[in-house]
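Peer 1: To start, I am sharing the structure in question, which I have written as C-alpha coordinates.
This is the structure we're talking about:
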(Lines of atoms letter the chains of each structure in order from A and count residues from 1; the text may use other names and numbers.)
(Lines give C-alpha, C1' and ligand atoms only; values in the text may rest on other atoms or scores of the structure.)
Protein backbone atom coordinates (compact mmCIF):
# COMPACT_ATOMS: atom_id res chain seq x y z
CA UNK A 1 0.00 0.00 0.00
CA UNK A 2 1.23 3.49 -0.82
CA UNK A 3 0.43 6.97 0.40
CA UNK A 4 0.64 9.51 -2.43
CA UNK A 5 1.20 13.19 -1.75
CA UNK A 6 1.87 15.71 -4.46
CA UNK A 7 1.15 18.89 -6.32
CA UNK A 8 -0.05 19.77 -9.80
CA UNK A 9 0.46 23.12 -11.48
CA UNK A 10 -1.96 25.04 -13.69
CA UNK A 11 -1.44 28.11 -15.82
CA UNK A 12 -4.53 30.25 -15.34
CA UNK A 13 -5.82 33.49 -16.76
CA UNK A 14 -8.67 35.60 -15.45
CA UNK A 15 -10.38 38.91 -15.90
CA UNK A 16 -9.82 41.57 -13.28
CA UNK A 17 -10.52 45.26 -12.84
CA UNK A 18 -7.99 47.97 -12.16
CA UNK A 19 -8.21 51.69 -11.56
CA UNK A 20 -6.38 53.74 -14.21
CA UNK A 21 -5.58 57.23 -12.98
CA UNK A 22 -7.54 59.80 -14.93
CA UNK A 23 -9.49 57.12 -16.82
CA UNK A 24 -11.41 55.18 -14.17
CA UNK A 25 -11.94 51.44 -13.98
CA UNK A 26 -10.64 49.21 -16.76
CA UNK A 27 -10.83 45.46 -17.41
CA UNK A 28 -7.49 43.68 -17.52
CA UNK A 29 -6.46 40.12 -18.29
CA UNK A 30 -4.15 38.60 -15.70
CA UNK A 31 -2.23 35.31 -15.76
CA UNK A 32 -0.37 33.22 -13.25
CA UNK A 33 0.78 29.78 -12.20
CA UNK A 34 -1.30 28.09 -9.50
CA UNK A 35 -0.53 24.95 -7.56
CA UNK A 36 -2.96 22.45 -6.06
CA UNK A 37 -1.96 19.87 -3.46
CA UNK A 38 -3.32 16.33 -3.59
CA UNK A 39 -3.18 13.35 -1.27
CA UNK A 40 -4.41 9.80 -1.49
CA UNK A 41 -3.94 6.09 -1.19
CA UNK A 42 -2.97 3.34 -3.65
CA UNK A 43 -3.39 -0.30 -2.73
CA UNK A 44 -3.83 -3.75 -4.23
CA UNK A 45 -7.36 -4.37 -5.53
CA UNK A 46 -9.07 -6.84 -3.16
CA UNK A 47 -10.94 -8.65 -5.96
CA UNK A 48 -8.05 -8.56 -8.47
CA UNK A 49 -4.79 -8.67 -6.50
CA UNK A 50 -2.67 -8.26 -9.63
CA UNK A 51 -4.09 -4.71 -10.04
CA UNK A 52 -3.74 -1.50 -8.06
CA UNK A 53 -6.66 0.73 -7.14
CA UNK A 54 -6.67 4.11 -5.46
CA UNK A 55 -8.11 7.51 -4.85
CA UNK A 56 -7.06 11.10 -4.41
CA UNK A 57 -8.52 14.24 -2.93
CA UNK A 58 -7.61 17.80 -3.90
CA UNK A 59 -9.16 21.25 -4.18
CA UNK A 60 -11.47 20.08 -6.99
CA UNK A 61 -12.83 17.06 -5.08
CA UNK A 62 -12.44 13.34 -4.65
CA UNK A 63 -11.26 11.17 -7.52
CA UNK A 64 -10.76 7.51 -8.36
CA UNK A 65 -7.54 6.20 -9.88
CA UNK A 66 -7.43 3.47 -12.52
CA UNK A 67 -4.87 1.99 -14.92
CA UNK A 68 -2.23 2.40 -12.20
CA UNK A 69 1.21 1.23 -13.28
CA UNK A 70 4.30 1.33 -11.07
CA UNK A 71 7.79 0.15 -11.87
CA UNK A 72 11.23 1.04 -10.59
CA UNK A 73 11.37 4.23 -12.66
CA UNK A 74 7.90 5.06 -14.07
CA UNK A 75 4.52 5.61 -12.46
CA UNK A 76 1.28 6.51 -14.18
CA UNK A 77 -2.46 6.44 -13.67
CA UNK A 78 -5.77 7.76 -14.93
CA UNK A 79 -7.76 10.05 -12.62
CA UNK A 80 -11.53 10.57 -12.75
CA UNK A 81 -13.20 13.02 -10.41
CA UNK A 82 -16.27 11.53 -8.77
CA UNK A 83 -18.49 14.39 -9.99
CA UNK A 84 -17.11 14.73 -13.52
CA UNK A 85 -16.94 12.57 -16.63
CA UNK A 86 -13.57 13.61 -18.12
CA UNK A 87 -10.40 11.59 -17.55
CA UNK A 88 -6.95 12.96 -16.70
CA UNK A 89 -3.79 11.00 -17.48
CA UNK A 90 -0.80 11.38 -15.14
CA UNK A 91 2.72 10.17 -15.98
CA UNK A 92 5.78 10.38 -13.76
CA UNK A 93 9.44 9.37 -13.82
CA UNK A 94 11.52 8.79 -10.71
CA UNK A 95 13.84 11.75 -10.19
CA UNK A 96 15.50 10.41 -7.02
CA UNK A 97 14.96 10.40 -3.27
CA UNK A 98 11.46 9.02 -3.91
CA UNK A 99 10.47 12.17 -5.86
CA UNK A 100 8.39 11.46 -8.98
CA UNK A 101 8.16 14.25 -11.57
CA UNK A 102 5.99 14.46 -14.66
CA UNK A 103 2.71 15.87 -15.75
CA UNK A 104 -0.93 15.44 -16.56
CA UNK A 105 -3.12 15.84 -19.60
CA UNK A 106 -6.87 15.81 -20.17
CA UNK A 107 -9.42 17.14 -22.66
CA UNK A 108 -10.93 19.52 -20.10
CA UNK A 109 -7.89 20.30 -17.94
CA UNK A 110 -5.32 20.64 -20.68
CA UNK A 111 -1.74 19.74 -19.83
CA UNK A 112 0.41 20.72 -16.90
CA UNK A 113 3.26 19.73 -14.61
CA UNK A 114 2.97 17.56 -11.50
CA UNK A 115 5.19 15.91 -8.93
CA UNK A 116 4.59 13.59 -6.02
CA UNK A 117 6.05 11.36 -3.35
CA UNK A 118 5.02 7.74 -2.92
CA UNK A 119 5.46 6.30 0.55
CA UNK A 120 5.04 2.57 1.03
CA UNK A 121 3.24 1.70 4.27
CA UNK A 122 1.97 -1.62 5.68
CA UNK A 123 -1.74 -2.50 5.46
CA UNK A 124 -1.89 -2.12 9.26
CA UNK A 125 -1.36 1.63 8.76
CA UNK A 126 -5.16 1.93 8.39
CA UNK A 127 -5.82 0.14 11.69
CA UNK A 128 -5.13 1.82 15.04
CA UNK A 129 -5.09 -1.42 17.04
CA UNK A 130 -1.41 -2.37 16.76
CA UNK A 131 0.16 1.06 17.06
CA UNK A 132 -1.86 2.27 20.03
CA UNK A 133 -1.77 -0.94 22.08
CA UNK A 134 0.78 0.47 24.57
CA UNK A 135 -1.75 3.17 25.47
CA UNK A 136 -4.50 0.69 26.42
CA UNK A 137 -7.94 1.51 25.04
CA UNK A 138 -7.93 3.19 21.64
CA UNK A 139 -8.09 6.85 22.56
CA UNK A 140 -6.08 10.01 22.18
CA UNK A 141 -2.85 9.24 24.09
CA UNK A 142 -2.43 12.64 25.74
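Residue numbers (this note's numbering): 752 to 893.
Each residue gets a CB set at the ideal place from its N, CA and C atoms; glycine is no exception.
Taking just the CA atoms, how far does residue 759 sit from residue 811?
Peer 2: Locating residue 811 in the chain shown gives position 60, counting from the first residue. Locating residue 759 in the chain shown gives position 8, counting from the first residue. Distance between the alpha carbons of residue 811 and residue 759: 12 angstroms.
Peer 1: Flag this pair as yes or no: are the beta carbons of residue 857 and residue 865 separated by less than 8 angstroms?
Peer 2: Taking the first residue of the chain shown as position 1, residue 857 is located at position 106. Taking the first residue of the chain shown as position 1, residue 865 is located at position 114. Not a contact, by the Cβ cut-off of 8 angstroms.
Peer 1: Just to confirm my understanding: we take residue 765, look at its own chain, exclude 5 residues before and 5 after, and list those with CB closer than 7 angstroms. What are they?
Peer 2: Translated into the one-based positions of the chain shown, residue 765 becomes position 14. If we look at residue 765 and ignore the five residues flanking it on each side, its Cβ neighbours are 781.
Peer 1: Out of 814, 822, 821, which has the shortest C-alpha to C-alpha gap to residue 835?
Peer 2: Position 84 of the chain shown, counting from 1, holds the residue named residue 835. Looking only at 814, 822, 821, the smallest Cα-Cα distance to residue 835 is reached by 814.
Peer 1: With a cut-off of 8 angstroms on the beta carbons, I'd call residue 838 and residue 851 a contact; round off their distance for me.
Peer 2: Here residue 838 refers to the residue found at position 87 when the chain shown is read from its first residue. Here residue 851 refers to the residue found at position 100 when the chain shown is read from its first residue. The C-beta distance from residue 838 to residue 851 rounds to 20 angstroms, too long to meet the 8 angstroms contact threshold.
Peer 1: Let me make sure I understand the geometry here. Which of 841, 789, 772, 752 has the alpha-carbon closest to that of residue 795?
Peer 2: Position 44 of the chain shown, counting from 1, holds the residue named residue 795. Of the listed residues, the one whose Cα sits closest to residue 795 is 752.
Peer 1: Run through the DSSP bridge pairs and tell me what residue 755 is partnered with.
Peer 2: Here the question's residue 755 lines up with position 4 in the chain shown. Paired residues: 791, 869.
Peer 1: Along the beta strand (DSSP E) that carries residue 805, what are the first and last residues, could you check?
Peer 2: Counted from its first residue, the chain shown places residue 805 at position 54. Note, residue 805: beta strand (DSSP E), 803-809.
Peer 1: Which of the three DSSP states, helix, strand or coil, is assigned to residue 840?
Peer 2: Against the chain shown, residue 840 aligns to sequence position 89. In the structure shown, residue 840 sits in a strand (DSSP, three-state: E or B).
Peer 1: From the DSSP secondary-structure annotation, give me the bridge partner or partners of residue 812.
Peer 2: As a position in the chain shown, residue 812 is number 61, starting the count at 1. Partner(s): 809.
Peer 1: Among 770, 791, 802, 827, which has the Cα closest to the Cα of residue 872?
Peer 2: Working through the chain shown from its first residue, we reach residue 872 at position 121. Checked all of 770, 791, 802, 827; the closest Cα to residue 872 is 791.
Peer 1: Kindly indicate which three-state DSSP category residue 875 falls into: helix, strand or coil?
Peer 2: Taking the first residue of the chain shown as position 1, residue 875 is located at position 124. Correct three-state label for residue 875: helix.
Peer 1: Locate the beta strand (DSSP E) running through residue 860, then write down its first and last residues.
Peer 2: Residue mapping note: residue 860 aligns to position 109 of the chain shown, counting from 1. Note, residue 860: premise wrong, no beta strand (DSSP E); not H, not E.
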